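Protein chains in written order, with our numbering: chain A, 19 to 436; chain B, 8 to 146.
Think of the CB as a built atom: it goes at the ideal place given N, C-alpha and C, for glycine as much as any other residue.
It should be emphasised that the depicted structure is a prediction, and the values quoted were computed from it without experimental measurement.
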Amino acid sequence: MELTAEQSDLLRGAQGPFLSNCMKLLVGLGRAMNARRLVPVDQVMVSGLGVPGHLLDLAPRGVVGDSMRDLKVLMEELARHKVKCPTICHAAQIDMDNPALSATDQARVGFQRDLLELAQAAGIQMLWSCVPYLLGAIPTRGQVCAYTEMSAVLYVNSVVGARSTKHGSESAVAAAVLGLVPEFGVLLDQCRRAELLIRVEVPLATPTDWGVLGYFVGAQSGRRIPCFVGAPVPRIEDLKQLCGGMSTTGATPMFHVVGTTPEASTLEAAFGDGPQPEPVVFGPLELSEVYRRLRTHTADVVDFVFVGSPHASLQEVLEVAQGLGGQRVAPGVHFVVATSYGIKAYAERLGYVRAIEQAGGHIMVDSCPVMASYPRRRRMVTDSPKQAHYSRQILGNEVILTDTAGCIEAAVSGRWGR
Amino acid sequence: MSGSTIMAGRGIAAGVVEAEAVVAPVRISFWGGFDPTSGTIIEHEHPLSGVNVAGKILIFISTRGASGTSLMLRLAQRLGKAPVALVNTEIDDHAVLGCLVAGIPMVVIPDFSLLDRVRTGDRVRVDGERGTVEVLSRT
């Protein structure tokens with residue numbers, strides 16, 4: 019990799035060990051991925067800047083303390099050096115608005131609050147959401163980004179036409195504090211072409227259907243970039259679920275939807291000079307097969323209903339409030355809608371939060387059940403393929419995937435009835 | 008095949024280790040699909056579901072899914088439950104980052120037949136500097 023004199027100095031430690039280590043990591047990643055240089059980054063989404071959740075509760079004593087101490091040291095370094103471009107943060111393990119929903123202890127809540135001060139000093143916008151693009155933290159076409167959360171990586175590359183490779187917590191933090199990323203993969207024009215053709219031959223009626231499409235295609239595509247034809251014009255909630263589903267099973271940072279996404283005005287534009295392969299068909303059978311796989315219930319009584327993965331849009335919170343329509347959540351059912359703090363603020367002003375809470379439901383912010391220290395329940399109904407997939411193994415519950423209306427029905431009746 | 012078999016690819020993360028191999032033609036999400044406190048693959052309907060990869064040389068296609076792979080590999084390494092090396096047939100950003108930050112040797116050999124030529128239980132040596140994988144003994 020070719021480094022400028024200034025970058026080489028940083029690497030050698032001219033500005034101290036922290037920036038040197040950050041540079042070593044970006045150079046190491048870049049070398050491995052055959053990058054030729056580092057380029058300026060315009061926006062970064064970091065992750066992991068929050069107290070540990072359930073995964074560490076099983077770890078031997080001392081590991082939680084070590085992790086929190088490491089995180090504090092990291093945040094102090096970031097506060098000292100400051101981020102060099104707009105930087106936002108992925109969801110966390112604690113709902114800071116209602117910590118009881120994430121079942122954590124007060125010490126960790128206090129620690130999490132302290133992180134906000136350090137984040138302010140560092141210049142990091144602690145959005146603690148997986149959907150920064152619903153909060154106005156959105157790049158423009160062609161901007162270089164370093165995103166962590168995979169559904170957001172897919173969204174900014176595919177829907178926005180910005181450019182981000184797949185980062186993890188450490189490389190995103192390094193990118194933010196140096197203002198640089200290694201240039202490889204979808205940062206380059208020639209690596210943004212479609213490689214796999216998916217022909218949609220079934221109506222996609224709900225965002226959940228789009229999520230199912232993403233879940234199916236992610237498993238087919240691996241690292242290849244898929245291109246969709248035959249799909250209707252998606253709503254933003256459809257695209258959010260498509261990204262969520264694909265990010266769960268796939269490894270690709272990008273997709274195209276012909277006629278919708280900016281680099282796929284036509285099939286030819288999406289594939290460029292590359293060959294157009296025989297299409298993989300996504301029809302009624304493929305759709306129902308994913309639903310079948312994500313319905314692992316052994317009985318119809320449910321005790322947990324979850325909406326909002328990726329975090330619900332304001333429209334989705336409105337639809338839940340309207341769908342409840344004054345009905346009450348059944349006794350014994352824990353009904354949660356997860357969203358971002360910003361969307362919740364609007365939903366409060368507009369009366370949606372009151373409607374959901376009066377029905378007996380809860381609004382969770384900053385987090386989601388699989389990221390939070392969530393108590394195990396028996397049977398979960400959700401409208402998110404991503405949450406259904408991960409909650410089976412992380413929370414150990416049975417899952418039932420359905421659309422948002424189906425979630426509301428189950429919350430009110432206490433049963434899965436379709 | 009008998010005796011020593013050496014396959015060469017690219018060294019991604021340095022380090023030389025010898026251990027038993029776990030081999031599967033799969034992608035793995037280390038966040039959500041792997042328990043870092045035990046080293047077990049926990050993803051349902053996955054060919055490695057329930058398999059403990061702590062201390063093993065894990066030979067598979069590449070990572071997939073969530074971006075927390077590096078955090079989980081670091082945590083597993085801290086707890087002594089990480090694989091001792093990764094060998095992949097595709098190079099994926101998440102696996103590379105995870106191995107760099109957790110100090111786990113990594114080699115990429117872009118040849119799918121690798122997943123047939125090495126078998127679970129084989130004793131294997133991985134050199135993350137030279138980019139080689141050597142089968143030392145067969146099960």
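{"Item": "Applying the 10 Å Cβ sphere with the 16-neighbour rule, what's the burial state of A:Asn175?", "Value": "buried"}
{"Item": "What separation, rounded to the nearest whole angstrom, lies between the Cα atoms of A:Leu332 and A:Phe322?", "Value": "22 angstroms"}
{"Item": "How would you call A:Asp401, buried or exposed, if buried means at least 16 neighbouring beta carbons within 10 angstroms?", "Value": "buried"}
{"Item": "So, are the CB atoms of B:Gly128 and B:Lys88 less than 8 angstroms apart?", "Value": "no"}
{"Item": "Counting only the same chain and skipping the five closest in sequence on each side, list residues whose C-beta sits under 6 angstroms from that of A:Ala180.", "Value": "Pro157, Gln161, Cys163, Val174"}
{"Item": "Near B:Met8, what residues of its chain come up, given a Cβ to Cβ distance below 8 angstroms and the 5 sequence neighbours on each side ignored?", "Value": "Model confidence at B:Met8 stands at a pLDDT of 46, short of 50, so the residue's coordinates are unreliable; what they give is reported in the following sentence. If we look at B:Met8 and ignore the five residues flanking it on each side, its Cβ neighbours are Arg124, Val142, Arg145."}
{"Item": "Is the number of C-beta pairs between the region 56–69 of chain A and the region 127–146 of chain A that are closer than 8 angstroms three or more?", "Value": "yes"}
{"Item": "For A:Arg433 and A:Val319, which I take to be in contact (beta-carbon distance under 8 angstroms), what is that distance rounded to the nearest angstrom?", "Value": "6 angstroms"}
{"Item": "By the three-class DSSP mapping on this structure, what secondary structure does A:Phe129 have?", "Value": "helix"}
{"Item": "Count the C-beta pairs between the region 227–242 of chain A and the region 256–265 of chain A that are closer than 8 angstroms, then say yes if the count reaches three, no if not.", "Value": "yes"}
{"Item": "Using a Cβ cut-off of 7 angstroms, which residues of the region 32–48 of chain A contact any Cβ in chain B, in chain order?", "Value": "Leu43, Gly46, Leu47"}
{"Item": "Shortest alpha-carbon distance to A:Gly229 belongs to which of A:Ala288, A:Ser283, A:Ser306, A:Thr166?", "Value": "A:Ser306"}
{"Item": "Give a single yes or no on whether A:Gly263 has its beta carbon closer than 7 angstroms to a heavy atom of the ligand SAH.", "Value": "In terms of ligand content, the structure shown is empty, and the ligand SAH therefore cannot be addressed."}
{"Item": "In the region 345–420 of chain A, which residue ranges form an unbroken beta strand (DSSP E) of at least 3 residues, counting only runs that do not cross its ends?", "Value": "352–357, 380–383, 397–400, 416–419"}
{"Item": "Identify which residue in A:Glu167, A:Glu255, A:Val276, A:Val251 has its Cα closest to the Cα of B:Ser77.", "Value": "A:Glu167"}
{"Item": "Could you work out which residue in A:Asn415, A:Gly326, A:Gly197, A:Gly268 is closest to A:Leu28 when comparing CA atoms only?", "Value": "A:Gly197"}
{"Item": "By the three-class DSSP mapping on this structure, what secondary structure does A:His274 have?", "Value": "strand"}
{"Item": "Buried or exposed: where does A:Pro403 fall if 16 or more other Cβ atoms within 10 Å of its Cβ makes it buried?", "Value": "buried"}
{"Item": "In whole angstroms, what separates the C-alpha of A:Arg394 from that of A:Leu172?", "Value": "30 angstroms"}
{"Item": "In chain B, which residues lie less than 8 angstroms from A:Gln411 when you measure between Cβ atoms?", "Value": "Gly39, Gly40, Ile49, Glu50, His51"}
{"Item": "One question on the structure: do A:Val275 and A:Pro252 come within less than 8 angstroms of each other, judged by their Cβ atoms?", "Value": "yes"}
{"Item": "What are the residues of the region 152–177 of chain A that lie near chain B, defined by any Cβ-Cβ distance shorter than 7 angstroms?", "Value": "Thr166, Glu167, Met168"}
{"Item": "Going by alpha carbons, who is nearest to A:Val82 out of B:Phe67, B:Leu82, B:Asp99, B:Thr70?", "Value": "B:Leu82"}
{"Item": "Does A:Val81 have its Cβ less than 8 angstroms from a Cβ in chain B?", "Value": "yes"}
{"Item": "Which residues in chain B sit within 8 angstroms of A:Lys184, going by Cβ to Cβ distance?", "Value": "Ser74, Asp99, Asp100, His101"}
{"Item": "Looking at the structure shown, is B:Asp134 part of a helix, part of a strand, or coil, going by DSSP?", "Value": "strand"}
{"Item": "Using C-beta distances below 7 angstroms, list every residue in its chain close to A:Leu47, excluding the 5 sequence neighbours before and after it, in chain order.", "Value": "Ser189, Pro200"}
{"Item": "Is A:Val62 closer than 8 angstroms to A:Cys103 when the C-beta atoms are compared?", "Value": "yes"}
{"Item": "At which residues does the alpha helix (DSSP H) containing A:Tyr165 begin and terminate?", "Value": "Careful: A:Tyr165 lies outside any alpha helix (DSSP H), inside the beta strand (DSSP E) at 162–165."}
{"Item": "Hey, how far is the Cα of B:Gly62 from the Cα of B:Ala92?", "Value": "8 angstroms"}
{"Item": "Rounded to whole angstroms, what's the CA-CA distance from A:Ala20 to A:Val57? Just pull it up for me.", "Value": "Reading off the sequence, residue 20 of chain A comes out as Glu, not Ala. Approximately 11 angstroms between the Cα atoms of the pair."}
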